[in-house]
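S.K.: Before I ask anything, let me first share the structure, which is written out below as structure tokens.
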Amino acid sequence: MIGFGETAVRCSASGCNDAADWRVNWRNPRIHSADRVKVWLACDAHRRTLDDYLTTRGFPTIVTALDEVPELVPDRA
């Protein structure tokens, strides 16, 4: 259970309380430039699921380690 002041980084998947190890960096290319990076955090079990959810909707993504922050998310080739 997460209490007040909890500093643990948790997975963004619905209902998941596991610690996050990955950043799913993404953006909506219709409204954001490549340097506008949005982030969902993911545990090992949800890394692919969260990335697939975004890419099937046409959002460019880059999955990185939790401590790796990209400067931009370019359009897919």
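Under my numbering, residues 964 to 1040 are what the sequence shown spells out, in order. We treat Cβ as the ideally placed atom computed from N, Cα and C, and that holds for glycine.
Flag this pair as yes or no: are the beta carbons of V987 and D1007 separated by less than 8 angstroms?
M.R.: It is not a contact, given that the beta carbons lie outside the stated cut-off.
S.K.: How is the alpha helix (DSSP H) around L1013 delimited, first residue to last?
M.R.: Per DSSP, L1013 belongs to the alpha helix (DSSP H) from R1010 to T1018.
S.K.: Along the beta strand (DSSP E) that carries V1000, what are the first and last residues, could you check?
M.R.: Segment: none, V1000 is in no beta strand (DSSP E) and carries neither H nor E.
S.K.: Using CA atoms only, rank isn't needed, just tell me which of A976, P992, N980 and V1026 is closest to R1020.
M.R.: Of the candidates A976, P992, N980 and V1026, the one whose C-alpha sits nearest the C-alpha of R1020 is P992.
S.K.: Output yes or no for whether 8 angstroms exceeds the beta carbon distance between T926 and T1024.
M.R.: No statement about residue 926 is possible, as the shown extent of the chain runs from 964 to 1040 and does not include it.
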